[in-house]
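**Student:** If you read the sequences in order, they're chains A and B.
Per the working numbering, the very first residue in the first sequence carries number 2; after that it's consecutive.
Per the working numbering, the very first residue in the second sequence carries number 41; after that it's consecutive.
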Amino acid sequence: MELLTFISGIIREAFAKKIILSIFIFFSLIILFIVFAATNESVAGMLTFLEASGGNADYTSAVIYFESNITSKIPMFMMIAFYLIIVSSFIPSMLQKGHIDLLLSKPISRTKIVIGHLLAGTAFSFLSSFFLLGIIWLIVSFKTSVWHIPFLYSILWFTLIFLVLYSFVIFIGLLTKNTILNILINLILFFPLSWIFYLLNMVTKKGEQFFSFNAATEFVIKFFYYILPKPWDLADLCENTIKQEALSSVQPIITSVLFIGIMISLSIWYFNRKDY
Amino acid sequence: MSVITIENLKKEYSPKSFSKNKILALDGVSFEVGEGEIFGLLGPNGAGKTTLIKILLGITFPTSGGGKLFDRNLNDVKTKSRLGYLPENHSFPNYFSGEQVLYHFGKLGGMSSEDVKRKADEYLNVVGMNEWRKIKIKKYSKGMMQRIGLAQAMINNPDLIFLDEPTDGVDPIGRKEIRDVLLTLKSQGKTIFLNSHLLSEIEMICDRVAILNKGLLIKEGRVEDITSTDSFAFVTSELNNEVYNSLLNNYKAVIQGKTNFLVPANNLDEVNKIIDFLRSQNILIQSVSKEKITLESKFINLIEHKL
């Protein structure tokens, strides 16, 4: 009961701060762009591109290729960065003097408060991704008559990617109590740090024919690659799912879930010991 | 029955700079608050009053020592459904209206939707904010915020209410209304823990007080005991020179005027001896009363002597 009230309070805050309205406008613009972009001509262009790449392409695979481009790394980065910027104020706002005192005097444990933030973030990310990607899927499907259900799985991938980064937003928010610092640290972690180590890891795996790192450097690369969030690897897996291919690796899922678990555990541990 | 028990409570804050010493906010504070009491916590700025309330509510953790609320440990979350709290400088989300504040914090306090609506109607009337209930609180004055804050502290029908400077920013009529609300709550058996700088108000409504200074508990007891003295005040008919000199020399009286004086006396026998003397001198006695000082004077004396 108290947890639900707490979560509804966060959602109400999102409405009051015009966060939901901003998302609606931003996503509507993206949808408008897709309305104009998803034409038979653009699918035909994809088809030509696929045929030129040497594949046995048909109209359906061109549509799927078009859909996988919508959820590729650059649009994903823009969407997640947008999410992060707008949700980074939630924790610092809760920690404001006079507000946190009242909250902690209520019969809701500090652990539940952290979990409540995570659940609110999950609901927020899932529903907004559902709105954006669901409508995009409907537009593309109506225009092309290809009803490719696996595209909708990208909603779950986006939610997971958001959660990985949001768990870090919660932790940094509790540590710094500062929205701007929270946004900066998270954007640096998300891009370029995780991006650099994603690329470096790719190089260590695939670039042996060109050059190789020494053992110590490779260890450092692997270390940071495994401990940092992996939004880019998850985006690759999202593409695998849309294209109905086998997942290239389940390791990013396991390490991402572990990352969420560690960040939330650290947040709970820290929040349960902090004086306000 | 003790509602609050504090034993040897100590709180040290670590400074942000390494060169500075730790700040001792509370230094071995112990006391108890009984059921149905209005208990006042006094002290100059930085004495540790708010820290003490925050420790009792589990907002801040003690360095050592501890306490109990309703015989349960301080960090027991379940106990909090029996508590109400009005923090100093509270900050409600400014996108709420007055009634939304009560709904939100009432439900966070574990109340059902029906109960919270019923109680909100009741307490908005009690604090005189019914007309403003639909208005966003960012439009409220300081005094109105305090009234809504007080209603919020009472919404879950708590058995123990912590109020940190409840009349801050409230006009004299509003202060009187708040005092009346507190006395009504007391008559309902609620325990009230009050932290205020307004000593005259504390004196008017508190049963017992504790005075903190620099983290130390320097005085604790009933308000009457703290404000009473060892002197009796006499008001009489006009004193003649003989009586005047006798009172000065034999009874160590402090003459305050031609018809009134103070006499130090430890018991009623001594007071009656003075009455007998006055009557033997044909002096008419208008009144005899135990001399009191205001809580404010006592507070200032205590703090200045300890500083």
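The beta carbon of each residue, even a glycine, is placed where N, CA and C say it ideally should be.
A quick note: this is a predicted structure, and the numbers were derived from the prediction, not measured.
Looking only at C-alpha atoms, which of B:V328, B:S277, B:A250 and B:L256 sits nearest to E264 of chain B?
**Tutor:** One-based indexing of the second sequence puts residue 264 of chain B at position 224. Here the closest residue by C-alpha is B:A250.
**Student:** Just the chain B side, please: which residues come within less than 7 Å of A45 of chain A by C-beta, in chain order?
**Tutor:** Residue 45 of chain A sits at position 44 when you count from the first residue of the first sequence. Within 7 Å Cβ-Cβ: nothing; A45 of chain A doesn't reach chain B, min ~50 Å.
**Student:** Could you tell me the distance, in whole angstroms, from the CA atom of L347 of chain B to the CA atom of L252 of chain B?
**Tutor:** What you label residue 347 of chain B is simply residue 307 of the second sequence in a count that begins at 1. What you label residue 252 of chain B is simply residue 212 of the second sequence in a count that begins at 1. Any reading at L347 of chain B needs caution, since the residue's pLDDT is 45, under 50, leaving its predicted position unreliable; the model's value is listed next. Roughly 12 Å separates the two Cα atoms.
**Student:** Please confirm whether Q252 of chain A has its beta-carbon closer than 9 Å to some beta-carbon of chain B.
**Tutor:** Within the first sequence, the letter at position 251 stands for residue 252 of chain A. Closer than 9 Å: no.
**Student:** Go to K330 of chain B, then tell me how far its beta strand (DSSP E) extends in each direction, as first and last residue.
**Tutor:** Sequence index remark: in the second sequence, residue 330 of chain B carries index 290 (1-based). It spans I325 to K332 - the beta strand (DSSP E) in which K330 of chain B sits, taken as one unbroken run.
**Student:** Taking only beta-carbon atoms, is M80 of chain A less than 9 Å away from chain B?
**Tutor:** Position 79 of the first sequence, counted from the first residue, corresponds to residue 80 of chain A. Answer no: the Cβ-Cβ gap between M80 of chain A and chain B never drops below 9 Å.
**Student:** Counting only beta-carbon separations shorter than 9 Å, does T231 of chain B have a partner in chain A?
**Tutor:** Within the second sequence, residue 231 of chain B is the residue found at index 191, counting from 1. Output row for T231 of chain B: interface = no.
**Student:** Would you identify the three-state DSSP class for K206 of chain A, choosing helix, strand or coil?
**Tutor:** Within the first sequence, residue 206 of chain A is the residue found at index 205, counting from 1. If DSSP states are grouped into helix, strand and coil, K206 of chain A belongs with the helices.
**Student:** Apart from the five residues just before and just after D155 of chain B, which ones in its own chain have a Cβ nearer than 8 Å to its Cβ?
**Tutor:** Against the second sequence, residue 155 of chain B aligns to sequence position 115. Excluding residues within five positions, the ones whose Cβ falls inside 8 Å are G146.
**Student:** Please classify D237 of chain A as buried or exposed, where buried requires at least 16 other C-beta atoms within 10 Å of its C-beta.
**Tutor:** The residue given as residue 237 of chain A occupies position 236 in the first sequence. With 16 or more Cβ atoms within 10 Å of its Cβ, D237 of chain A is classed as buried.
**Student:** Check the Cβ of Q97 of chain A against every Cβ in chain B and list those closer than 8 Å, keeping chain order.
**Tutor:** Mapped onto the first sequence, residue 97 of chain A falls at position 96. What Q97 of chain A touches in chain B: S131.
**Student:** Looking at the structure shown, is R274 of chain A part of a helix, part of a strand, or coil, going by DSSP?
**Tutor:** Mapped onto the first sequence, residue 274 of chain A falls at position 273. The answer is coil: DSSP assigns R274 of chain A none of H, G, I, E or B.
**Student:** Considering Cα atoms alone, identify which of A:S213, A:F214, A:T160 and A:I222 is closest to I261 of chain A.
**Tutor:** The residue given as residue 261 of chain A occupies position 260 in the first sequence. Out of A:S213, A:F214, A:T160 and A:I222, A:T160 has the C-alpha closest to the C-alpha of I261 of chain A.
**Student:** Residues of chain B with CB closer than 8 Å to the CB of S89 of chain A, please, in chain order.
**Tutor:** Here the question's residue 89 of chain A lines up with position 88 in the first sequence. Correct list: empty, because the minimum Cβ distance to chain B is about 17 Å.
**Student:** Around the Cβ of L103 of chain A, are there at least 16 other Cβ atoms within 10 angstroms (buried) or fewer (exposed)?
**Tutor:** Within the first sequence, the letter at position 102 stands for residue 103 of chain A. Label assigned to L103 of chain A: buried.
**Student:** Which residues of the stretch 102-113 of chain A have a Cβ closer than 8 Å to any Cβ of chain B? Give them in chain order.
**Tutor:** Hits within the stretch, in order: D102, L103, L104, L105, S106, K107, P108, I109 and S110.
**Student:** Less than 9 Å between the C-beta atoms of L123 of chain B and L109 of chain B, yes or no?
**Tutor:** As a position in the second sequence, residue 123 of chain B is number 83, starting the count at 1. As a position in the second sequence, residue 109 of chain B is number 69, starting the count at 1. Yes. Within cutoff.
**Student:** Would you please state the rounded distance, in angstroms, between the beta carbons of K144 of chain A and A39 of chain A? I believe it to be under 8 Å.
**Tutor:** Residue mapping note: residue 144 of chain A aligns to position 143 of the first sequence, counting from 1. Residue mapping note: residue 39 of chain A aligns to position 38 of the first sequence, counting from 1. Right, the Cβ-Cβ distance comes to about 5 Å (below 8 Å), so this counts as a contact.
**Student:** State the Cα-Cα distance for the pair L200 of chain A and A216 of chain A, rounded to the nearest angstrom.
**Tutor:** Locating residue 200 of chain A in the first sequence gives position 199, where the first residue counts as 1. Locating residue 216 of chain A in the first sequence gives position 215, where the first residue counts as 1. So the two alpha carbons sit approximately 17 Å from each other.
**Student:** Beta-carbon within less than 8 Å of A82 of chain A's beta-carbon, same chain only, minus the 5 sequence neighbours each way: which residues are those?
**Tutor:** As a first step, residue 82 of chain A is located in the first sequence; it is residue number 81 there, counting from the start. Closer than 8 Å at Cβ, skipping near neighbours: L188, F191 and F192.
**Student:** Name, in chain order, the residues that DSSP records as bridge partners for S271 of chain B.
**Tutor:** Within the second sequence, numbered from 1, the residue matching residue 271 of chain B stands at position 231. S271 of chain B is bridged to B:P304.
**Student:** Between L33 of chain A and I255 of chain A, what straight-line distance do the alpha-carbon atoms span, to the nearest angstrom?
**Tutor:** Here residue 33 of chain A refers to the residue found at position 32 when the first sequence is read from its first residue. Here residue 255 of chain A refers to the residue found at position 254 when the first sequence is read from its first residue. Going from the Cα of L33 of chain A to the Cα of I255 of chain A covers about 36 Å.
**Student:** Can you name the residues of chain E whose CB is closer than 9 Å to the CB of M77 of chain A?
**Tutor:** The chain inventory of the structure shown lacks chain E, comprising the protein chains A and B.
**Student:** Counting pairs of Cβ atoms below 8 Å between the stretch 328-343 of chain B and the stretch 268-279 of chain B, do you hit three or more?
**Tutor:** Contact holds: three or more Cβ-Cβ distances are below 8 Å.
**Student:** Give the DSSP-derived three-state secondary structure of T115 of chain B in the structure shown.
**Tutor:** Mapped onto the second sequence, residue 115 of chain B falls at position 75. Note that residue 115 of chain B corresponds to Asn in the displayed sequence, not to Thr. Three-state DSSP puts N115 of chain B in coil, outside helix and strand.
**Student:** Short of 7 Å Cβ to Cβ, which residues in the stretch 177-199 of chain B face chain A?
**Tutor:** Cβ contacts with chain A come from no residue of the stretch 177-199 of chain B.
**Student:** Name the residue from A:I92, A:I150, A:I140 and A:L259 whose alpha carbon lies nearest to the alpha carbon of L182 of chain A.
**Tutor:** Here residue 182 of chain A corresponds to residue number 181 of the first sequence, with the count starting at 1. Answer by Cα proximity: A:I92.
**Student:** Would you call the stretch 168-180 of chain B and the stretch 199-213 of chain B in contact, with 3 or more CB pairs under 8 Å?
**Tutor:** With the cut-off at 8 Å, the stretch 168-180 of chain B and the stretch 199-213 of chain B do not touch.
**Student:** Is there a Cβ of chain B sitting closer than 9 Å to that of G10 of chain A, yes or no?
**Tutor:** Position 9 of the first sequence, counted from the start, is the residue given in the question as residue 10 of chain A. Yes, contact with chain B.
**Student:** Which residues of chain A have a Cβ atom closer than 8 Å to the Cβ of I314 of chain B, listed in chain order?
**Tutor:** Reading the second sequence from its first residue, position 274 is the one you call residue 314 of chain B. Going along chain A, no residue has its Cβ under 8 Å from I314 of chain B, so there is no contact; the nearest lies around 54 Å.
**Student:** Taking 8 Å as the cut-off, does the stretch 41-53 of chain B touch the stretch 63-77 of chain B (at least 3 CB pairs, one atom from each stretch)?
**Tutor:** Touching, yes, given that three or more Cβ pairs across the two stretches are closer than 8 Å.
**Student:** CB-CB under 8 Å to S129 of chain A, same chain, minus the five flanking residues each way: which ones, in chain order?
**Tutor:** If you number the first sequence from 1, residue 129 of chain A lands on position 128. Result list for S129 of chain A: I24, F28 and Y84, in chain order.
**Student:** Who are the near neighbours of L96 of chain B in its chain, counting only those whose CB is closer than 8 Å to its CB and skipping five residues on each side?
**Tutor:** If you number the second sequence from 1, residue 96 of chain B lands on position 56. Answer for L96 of chain B: I44, I46, G107, L109, L114, F202 and F233, listed in chain order.
**Student:** With Y163 of chain B and S106 of chain A assumed to form a contact (beta carbons below 8 Å), what rounded beta-carbon distance in angstroms separates them?
**Tutor:** As a working note, residue 163 of chain B is residue 123 in the second sequence. As a working note, residue 106 of chain A is residue 105 in the first sequence. Not a contact, Cβ separation roughly 17 Å.
**Student:** Name the chain B residues whose beta carbon is nearer than 8 Å to that of T180 of chain A?
**Tutor:** Against the first sequence, residue 180 of chain A aligns to sequence position 179. Correct list: empty, because the minimum Cβ distance to chain B is about 16 Å.
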